[in-house]
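J.: Once you've had a glance at the structure underneath, I'll fire off some questions.
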Ligand code: ADP
Ligand code: MG
């Protein structure tokens with residue numbers, strides 16, 4: 124028998140068992156061994172006096188009475204007996220296991236596992252072992268099985284397999300790494316994963332496999348990055364440092380430390396002949412636009428053109444306004460191309476773009492139309508990158524000869540996720556807000572307190588400020604969303620009658636109407652904007668200081684934070700009111716987190732903790748790998764370590780030549796990364 128032998132060579136694996144194993148994807152003995160349990164049943168002895176009500180316990184003791192069996196019809200029965208545990212006399216009951224009666228003789232020492240009922244001083248038994256505890260293992264593995272396979276049978280197969288062939292499994296982690304992290308060797312680790320001797324053994328075994336799994340994953344990611352760097356010749360853009368300095372000096376404010384750091388990271392990438400592939404994360408209001416402008420200006424000083432793509436026309440227009448005010452004094456021509464650019468203007472614009480007369484082109488999806496051709500495109504920036512599909516981003520970058528690329532996002536992504544989902548990108552983070560920014564005061568109120576909310580809103584409006592009211596979001600039905608918005612809009616119109624103007628905005632409005640509403644709000648003609656979540660992205664109305672989010676419990680933390688980011692953009696103190704009656708503990712926790720912090724990264728970590736990595740990106744965008752052992756929420760340290768090690772290893776000779784590293788190299792080769800296969 125060896126690792127590749129079929130499972131049918133194990134004793135007890137008959138036709139049915141073999142079929143069931145096959146359904147689990149287990150054909151060989153090696154595959155059986157590599158199928159890990161998803162948890163362990165804990166059979167360690169517990170002190171009843173310390174055991175909370177309804178908790179599972181294992182106790183050892185003496186049978187004190189002849190078991191009494193009661194039949195309850197329909198083949199159901201209950202068996203009960205007294206048992207002495209230490210000096211504690213308790214009752215034990217088993218359902219539908221009348222056959223135990225003959226085996227439970229008074230005076231016999233047994234070990235019972237079950238649920239502890241503190242009030243009745245009784246254990247509802249689930250398992251009994253005839254004899255003292257020491258003959259029974261502390262932990263038993265529980266596997267995810269198919270068909271008629273029982274845990275007991277499966278454990279039996281596993282025991283055989285480990286005893287007979289486990290020693291043939293080759294070590295996959297080099298000694299150097301195992302020593303430096305004190306990781307178990309493969310055989311001891313396998314034993315610990317399946318049949319740990321104690322809690323420590325189980326923990327150490329898990330630790331080894333978590334590290335190995337993350338290391339292999341990171342090797343793939345980092346190798347991909349390395350291959351891309353080396354293969355994808357990009358442009359070396361020799362920008363004019365003096366001109367950039369003058370540009371920074373002319374800005375109305377100093378850049379924050381974080382902005383400066385990120386600008387430097389970008390400039391360094393521009394200079395190198397490899398193509399930049401960088402993700403810029405910065406919380407709402409952290410000042411990504413000016414960073415983008417710096418990059419665009421840098422490439423212009425080197426004789427290249429730049430492009431900036433935004434998800435909506437309003438955003439594109441705001442960018443146009445900002446970039447013109449910053450760049451025009453330096454003779455940079457900035458233009459806008461959007462769906463509403465008229466045909467004649469568009470023709471002229473495209474002509475100037477093709478000759479290089481236009482330095483920076485800002486736009487919406489309109490930028491990726493086939494007839495948009497640049498003269499010499501050096502840098503492509505995508506704002507709110509998650510709003511665009513992979514293909515849209517690709518089309519834009521193909522408008523130049525390998526231009527550098529920068530993706531910007533205001534959705535903070537917890538580091539563990541960003542280095543897994545975007546592991547092959549370089550990541551820059553703006554983790555500092557411009558000085559003097561006031562913290563948005565956030566409060567959580569119940570729906571019945573809505574009048575209070577309206578009073579506060581009225582005060583703000585009377586002081587000349589503006590307000591947003593975000594409507595209930597009803598999942599899977601934007602029809603109802605619209606209805607809610609329409610109703611709330613009507614209500615507010617009645618309430619504020621001649622005092623204030625109330626505008627309405629939702630996804631079903633035609634694009635030009637949406638723009639018109641947004642524009643009047645931005646110009647101050649509308650005082651209160653009732654809206655669905657369509658206002659979520661990037662809009663800047665500094666005079667808006669009051670944000671009400673209705674039914675806030677229906678939103679995830681990331682989205683609440685994005686919505687809140689619509690206020691707090693000007694000189695005035697801003698407020699956010701969450702109107703919510705959350706039913707679940709998790710919902711309550713989300714509301715409390717919002718009132719406690721304005722830090723998007725902390726909220727993102729919290730969100731990850733509450734919802735888990737699978738849900739974090741929502742249904743559409745995932746890219747999160749499935750791990751057998753590792754858990755991205757709890758194993759983030761191991762992930763960081765593995766990432767660092769992977770990055771170093773790839774640049775060492777020993778990794779590429781030493782025999783010890785063979786298995787790691789093999790998993791890398793199997794992944795196809797080294798042959799240049801792409802992930803995106
Ligand atoms: P976001 O990162 O959300 O896109 P913006 O680029 O729109 O943020 O910047 C938000 C606001 O902060 C803008 O009004 C911008 O001019 C201002 N701002 C950016 N950087 C600074 C800074 N270093 N000091 C002061 N204000 C800044
Ligand atoms: Mg922005």
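In our numbering, the protein residues as written are 124 to 803. Glycine included, C-beta positions come from ideal geometry on N, C-alpha and C. As the structure is a prediction and not an experimental result, all values here were calculated from the model.
Since residue 564 is in the beta strand (DSSP E), which residue starts that stretch and which ends it?
T.: Residue range 564-568 is occupied by the beta strand (DSSP E) that includes residue 564.
J.: Is residue 784 near the ligand ADP, in the sense that its beta carbon is under 7 angstroms from a heavy atom of that ligand?
T.: Residue 784: no, Cβ never under 7 angstroms from the ligand ADP.
J.: In chain order, which continuous runs of the beta strand (DSSP E) of length 3 or greater are located wholly inside the stretch 643-725?
T.: 651-654, 667-673, 698-702
J.: Note the first and the last residue of the continuous alpha helix (DSSP H) segment covering residue 580.
T.: 573-585
J.: Would the stretch 414-431 count as touching the stretch 558-577 if we require 3 or more Cβ pairs under 8 angstroms?
T.: no
J.: Among the residues of its own chain, which have a CB less than 7 angstroms from the CB of residue 801, if the five just before and after it don't count?
T.: With a pLDDT of only 39 at residue 801, under the threshold of 50, the placement of this residue in the model should not be trusted; the figure read from the coordinates follows. Closer than 7 angstroms at the Cβ level, and outside the excluded window around residue 801, lies no residue.
J.: Are three or more beta carbon pairs between the stretch 467-484 and the stretch 404-411 nearer than 8 angstroms?
T.: Because the criterion of three Cβ pairs below 8 angstroms is not met, the stretch 467-484 and the stretch 404-411 do not touch.
J.: Which term fits residue 799, buried or exposed, when burial requires 16 or more other beta carbons within 10 angstroms of its beta carbon?
T.: Because the pLDDT of residue 799 is 43, which lies under 50, any placement of that residue in the model is unreliable, and the number read from its coordinates should be weighed accordingly. It is exposed - the Cβ of residue 799 has fewer than 16 other Cβ atoms within 10 Å.
J.: What residues are listed by DSSP as bridge partners for residue 408?
T.: DSSP, once it has assigned bridges, lists no residue as partnering residue 408.
J.: Using a threshold of 7 angstroms, is the CB atom of residue 426 nearer than that to any non-hydrogen atom of the ligand ADP?
T.: no
J.: Using beta-carbon positions only, say whether residue 460 and residue 470 come within less than 8 angstroms of one another.
T.: Contact flag unset, no.
J.: Using the Cβ count rule (16 or more neighbours within 10 Å means buried), how would you classify residue 548?
T.: So residue 548 counts as buried.
J.: Got a sec, what are the start and stop residues for the alpha helix (DSSP H) residue 142 sits in?
T.: 138-146
J.: Just to check my reading of the structure: residue 236 and residue 250 have Cβ atoms closer than 8 angstroms, yes? What is that Cβ distance to the nearest angstrom?
T.: 4 angstroms
J.: Using only CA atoms, which one of 345, 641, 655, 675 lies nearest to residue 810?
T.: Outside the modelled stretch of the chain, which goes from 124 to 803, sits residue 810, for which no answer is possible.
J.: Taking the straight line between their C-alpha atoms, what separation do you get for residue 229 and residue 217?
T.: 16 angstroms
J.: Report yes if the C-beta distance between residue 525 and residue 356 is below 8 angstroms; otherwise report no.
T.: yes
J.: Give a yes or no on whether the C-beta atoms belonging to residue 529 and residue 437 are separated by under 8 angstroms.
T.: Their beta carbons are not under 8 angstroms apart, which means residue 529 does not touch residue 437 by this criterion.
J.: Quick check on the DSSP output: what are the complete beta strand (DSSP E) runs of length 3 or more inside the stretch 260-313, in order along the chain?
T.: You should have 262-265.
J.: Considering only residues of the same chain and omitting the five flanking positions on each side of residue 710, which have a CB-CB separation below 7 angstroms?
T.: 676
J.: Relative to the C-alpha of residue 657, which residue among 648, 669, 679, 627 is closest?
T.: 627
J.: By DSSP's criteria, residue 632 is part of a beta bridge. Which residues make up the other side?
T.: Partner(s): none; residue 632 has no beta bridge.
J.: Do the stretch 284-293 and the stretch 187-207 touch if we need at least three Cβ pairs shorter than 8 angstroms?
T.: Judged by Cβ distances under 8 angstroms, the stretch 284-293 makes no contact with the stretch 187-207, as fewer than three pairs qualify.
J.: With hydrogens ignored, establish whether the beta-carbon of residue 533 is closer than 7 angstroms to any heavy atom of the ligand MG.
T.: yes
J.: Any idea what DSSP makes of residue 251, helix, strand or coil?
T.: Secondary structure of residue 251 (DSSP, three-state): strand.
J.: Determine the contact status of residue 653 and residue 612, defining contact as a CB-CB distance below 8 angstroms.
T.: yes
J.: What's the C-alpha gap between residue 758 and residue 321?
T.: Those two C-alpha atoms are separated by around 21 angstroms.
J.: Got a sec? Which residues, its chain only, sit under 7 angstroms from residue 219 by beta carbon, not counting five neighbours each side?
T.: 199, 200
J.: Inspect the beta-carbon positions of residue 150 and residue 129 and report whether they are closer than 8 angstroms.
T.: yes
J.: Report the option in 215, 719, 789 whose CA atom is closest to the CA atom of residue 565.
T.: Residue 719 holds the alpha-carbon nearest to the alpha-carbon of residue 565 among 215, 719, 789.
J.: Report the CB separation of residue 415 from residue 553 in whole angstroms; it is logged as a contact under 8 angstroms.
T.: The pair is not a contact, with the Cβ atoms about 11 angstroms apart (cut-off 8 angstroms).
J.: Less than 7 angstroms separating the Cβ of residue 411 from some heavy atom of the ligand MG?
T.: yes
J.: What does DSSP give as the partner residues of residue 239 in its beta bridges?
T.: 246
J.: Measuring only from the beta carbon, is residue 506 closer than 7 angstroms to any heavy atom that is part of the ligand MG?
T.: yes
J.: In three-state DSSP terms, what is residue 321?
T.: coil
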